[in-house]
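I have placed the structure first, in the form of structure tokens, so that the comments after it can refer back to it.
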């Protein structure tokens with residue numbers, strides 16, 4: 215709901231809106247839920263004991279920045295390749311043909 219209101223009513227950019235929504239969720243997360251998440255990550259072997267302990271005491275901004283960095287690291291190459299393909303389509307003139315074909 216927050217995302218829709220920010221985009222449709224306040225006309226904020228979608229990227230900025232998603233960052234603000236992530237910050238809101240990170241700020242409203244209780245210590246109980248953070249402890250539960252850290253314990254599940256520790257049990258799955260995805261987090262060390264020290265990392266699990268410090269996770270619950272990180273600021274919401276720090277948790278958001280860490281999660282954003284991990285996500286960008288996972289999909290960064292895909293985005294770069296998509297932008298290269300898009301640029302090739304733009305320069306070859308095939309972009310217009312494809313947009314007409316997909317919109318029909």
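Residue numbers (this note's numbering): 215 to 318. Built from N, CA and C at the ideal position, the CB exists for glycine as well. Please read all numbers here as calculations on a predicted model, not as lab measurements.
Thinking just about the alpha-carbon of each residue, which of 227, 252, 219, 276 is nearest to the one in residue 240? 276
Taking C-alpha atoms, which residue in 257, 230, 226, 299 lies nearest to residue 282? 230
Taking C-beta to C-beta, are residue 219 and residue 238 nearer than 8 angstroms? no
Taking the CB atoms as reference points, tell me whether residue 249 and residue 270 lie closer together than 8 angstroms. yes
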